[in-house]
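Protein chains in written order, with the working numbering: chain A, 1 to 474; chain B, 1001 to 1474. Beta carbons are placed, not taken as given, at the ideal position from N, Cα and C, and that holds for glycine. As the structure is a computational prediction, the values presented were derived from the model and not from experiment.
Written out as structure tokens, the structure is:
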């Protein structure tokens, strides 16, 4: 990738011996400089080549993280937080080497308060683990990025997924955090109260900061009652615009749809081949409804009426779990179904989000661009939020194809920003979208971000080289 | 009040002549040093005595605000943003004098995007004005603090109100802001995309910052479809715990109640007298349900079943607007009904918020404290959020009574913080709760807030003396 040249040029200092000795003394075998351990922590699910940290620490407590960060500060060693390694834009790559703190062994569910619909977890707890822990209380946690990511990582990247249209993202569902700041202090960013007007919103300052302002070690989250009834529906549309307009009207009518996912013709083709289905090769919407028995029936009926007005066909409605699973398998298999069309190739995933009134236009222009590129692709979208992804298949050996994919991504992002949208709906900035962030926010807002970064991390040790480039404070 | 002594000791510099001359040249009669104008801008709805700015500017655009703030920076003059003057904790009082920028003439609804359910307004637009502007699109904006406050002020104080249990607060409903920072730059904090993972969350950094980090000049907000059907219900309970437990179970069952308000016996007595009603003198809950015809029926029925299990009596249910109004008049008149019990006296309003599992305990302890104080009082609450207020009546001439009210407030806040709650659910910190903010967050988190304040406002010109006390950066 183009960025690689630049990244490799970054100056990288060796780990100070006194620093390594201090960590080894404090943490024993939980501090490692083994090549295999470093290699495991030097890549994520982005298309970047690995960039290894110089050492890895497996932390067991907030206090341990604070002790390690203080040492990093004393020795000016970069420090990167690591959860499950499933970030998509190079967030955890050790551009300048340094220490990676792996939080996956901080995996305790610290408290569940069913009456308050909250849970507090250590940062390494994954979303599926949390859901298992709260299921017996009749509760669930809705945020579902594709991977079974750690909740600390999800908070750090402001993740979301298919349920966000109804339940919001990590932004709306994180009540408070425990954070270790660059100077090794431990702070609590809020309380368990559902709302508060008390001072600066530190919680939201750290949510989405990708480890560049501090390391999230504990997260308090909102939970929701498991719906009494769940139903799903699928239908096909003559055009992308018809599908998107169905979603716009559904939301404008106030139908509290829990999920609504879009799949383009290529995606449908791929899953037909992969799962031996015979869905019409047309733009597809998949809905999920949560509520009372009566409520989900009513929702499905309304959506069917709206969809019919937009030429929908093949409306299938399912309330039984096994039927829902069959319908949703279409969505869940899309990524792998597409990958199987070109064995050995790699998928590059894009991510942008626009106001929903511009979504059809944005998808259609992107689709035309994808067609012109000649690359295999599929477009999937969390359309209720105006968020969509293009999955592009590239032969990793074909540098020109990788460049073409990057160019296509750049045009798509530029288009989205021009439509009052954002360069990333849910994947984050990481290494990959720093220039787009400037394009989206403009220099004055980036300067404000830079002022905050300089103030909270004056030595630039916290995940350096991510989100914004280090420059003198404005 | 006790705080007054301290406030009056604050050093106050006279307005530099060159500064005043520059503003007069730029803005003509929209820049005023008239006593009456200053007096109008020197008080809010808190119990504080007035503290007047040295001058007032009526701004008409973001660029004008930026020009004025740049001058304030050059001359080190404090600058305070003013909307409708309805803040409750002394937010807009000119502790150190300086310039108040009145934004009430920035009252244009700049854009309504009905398909995206968003509107962009100038900071001086009030919530009622916005609701009028979007009504014909079949939309509404739900956040309703008591006053018809400006949306800039509501964003700056992270306001909420009775609808927050369903629709969230200004935190959840502000998509992006235009802000003038302390150095006079104009920044856009986000985009109109419904979700974004792009960089630091500047929007939420400024929401709730009470003008201490920058001046909000434009706000982009989420709108909602007007519900197809609305119904209301009222019922009485044998005890506070029964009322609160009804709410807990309602929310745990996933009933999407739009509003649920609590009124104690004293409140009921006052409104019975004021509105010639004969409601049972018992803890009362008022509900409002939004949804489809069928949906609101179902919600009301479920709530009635839950309430019945907790000994509720007198369940009344109303779907016609006039009947709803009659039921809700109880809630809306509570403040004035109580005030009428002691003509000439003043109401002091407290505000705290706890996890709902602790709410009954917190209200009961506070009620006992109120009883012991001998002061007339009433407790009302946005109980679905765990947020409640005590209205205390004091004779303003009776300094000892004012002190007693302050002590009671302090005990109530300390209790709430000890229950993992917050010192303010929706009124903010202002001048009044700075010590409680420290108590709630702890020194390390306050230091982090202070670092942010110093970085973004190094001269301490933005609404100085609010939220956190000015001290050297940690």
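message: I need the straight-line Cα distance from residue 87 of chain A to residue 432 of chain A, nearest angstrom please.
response: 11 angstroms
field: C-alpha distance - residue 380 of chain A paired with residue 262 of chain A, whole-angstrom precision
entry: 5 angstroms
query: Hey, is residue 95 of chain A's beta-carbon within less than 9 angstroms of any beta-carbon in chain B?
result: no
message: Is there a C-beta anywhere in chain B that falls below 9 angstroms from the one on residue 284 of chain A?
response: no
query: Nearest to residue 369 of chain A by alpha carbon, out of A/111, A/102, A/334, A/406?
result: A/406
- request: Would you list, in chain order, the members of the stretch 188-221 of chain A that have their beta-carbon closer than 7 angstroms to a beta-carbon of chain B?
  value: 188, 189, 191, 192, 193, 194, 195, 196, 197, 198, 199, 200, 201, 202, 204, 205, 207, 208, 209
query: Can you name the residues of chain A whose CB is closer than 8 angstroms to the CB of residue 1038 of chain B?
result: Residues of chain A passing the Cβ test: none, with the nearest at roughly 27 angstroms.
task: Mind checking which residues open and close the alpha helix (DSSP H) that includes residue 84 of chain A?
output: Counting along the chain, residue 84 of chain A falls outside any alpha helix (DSSP H), and DSSP gives it neither H nor E.
- prompt: By how many angstroms is the C-alpha of residue 179 of chain A removed from the C-alpha of residue 469 of chain A?
  reply: 23 angstroms
field: Bridge-paired residues (DSSP) for residue 1102 of chain B
entry: B/1058, B/1082
field: Minimum length 4: unbroken alpha helix (DSSP H) runs contained in the stretch 198-222 of chain A
entry: 202-206
task: Compare the C-beta of residue 106 of chain A against all C-beta atoms of chain B and say whether one is closer than 9 angstroms.
output: no
field: Given residue 109 of chain A as reference, the closest of A/99, A/102, A/124, A/103 once Cα atoms are compared
entry: A/124
query: Tell me, which residues are paired with residue 1188 of chain B by DSSP?
result: B/1178
- request: Helix, strand or coil for residue 317 of chain A, going by three-state DSSP, please let me know.
  value: strand
message: On the criterion of 16 or more Cβ atoms from any shown chain inside 10 Å, does residue 334 of chain A qualify as buried, or is it exposed?
response: buried
- prompt: Taking only runs of the beta strand (DSSP E) that begin and end inside the stretch 116-169 of chain A, which ones reach a length of at least 3 residues, in chain order?
  reply: 118-122
message: Along the chain, where does the alpha helix (DSSP H) containing residue 411 of chain A start, and where does it finish?
response: 399-418
query: Is the CB-CB distance between residue 1429 of chain B and residue 197 of chain A below 9 angstroms?
result: yes
message: Taking 9 angstroms as the threshold (beta carbon to beta carbon), is residue 462 of chain A in contact with chain B?
response: no
- prompt: Which residues in the same chain as residue 1328 of chain B place their Cβ atom closer than 8 angstroms to its Cβ, once the five residues preceding and following it in sequence are excluded?
  reply: 1232, 1286, 1288
message: Would you call the stretch 1035-1048 of chain B in contact with the stretch 1122-1142 of chain B, where contact means no fewer than 3 C-beta pairs closer than 8 angstroms?
response: no
- request: Verify the CB distance criterion: does residue 1294 of chain B have a CB-CB separation below 9 angstroms to chain A?
  value: yes
field: Boundaries of the beta strand (DSSP E) in which residue 390 of chain A is found, first to last residue
entry: 387-394
- prompt: How many angstroms separate the CA atom of residue 330 of chain A from the CA atom of residue 273 of chain A?
  reply: 11 angstroms
- prompt: At which residues does the alpha helix (DSSP H) containing residue 1249 of chain B begin and terminate?
  reply: 1240-1252
- request: Consider the Cβ of residue 452 of chain A: report whether some Cβ of chain B lies at a distance smaller than 9 angstroms.
  value: yes
Whole runs of the alpha helix (DSSP H) within the stretch 15-44 of chain A, excluding any shorter than 4 residues: 17-27, 35-40
- request: Evaluate residue 295 of chain A with the Cβ neighbour count: other Cβ atoms within 10 Å of its Cβ, from every protein chain shown; 16 or more gives buried, anything less gives exposed.
  value: buried
- prompt: Name the chain B residues that come within less than 9 angstroms of residue 444 of chain A, Cβ to Cβ?
  reply: 1181, 1185, 1186, 1187, 1188
- prompt: Any idea if residue 1002 of chain B is buried or exposed, counting beta-carbon neighbours within 10 angstroms, 16 or more meaning buried?
  reply: Note on residue 1002 of chain B: pLDDT 41, under 50, position unreliable in the model; no value is reported.
- request: Measure the CB-CB distance between residue 306 of chain A and residue 246 of chain A and report whether it falls below 9 angstroms.
  value: yes
message: Can you check whether the C-beta of residue 441 of chain A is within less than 9 angstroms of a C-beta belonging to chain B?
response: yes
field: Residues of the stretch 368-398 of chain A with Cβ closer than 8 angstroms to any Cβ of chain B, in chain order
entry: 385, 386, 387
- prompt: Does any residue of chain A bring its CB to less than 9 angstroms from the CB of residue 1425 of chain B?
  reply: yes
- request: Report yes or no: is there a C-beta of chain A within less than 9 angstroms of the C-beta of residue 1224 of chain B?
  value: yes
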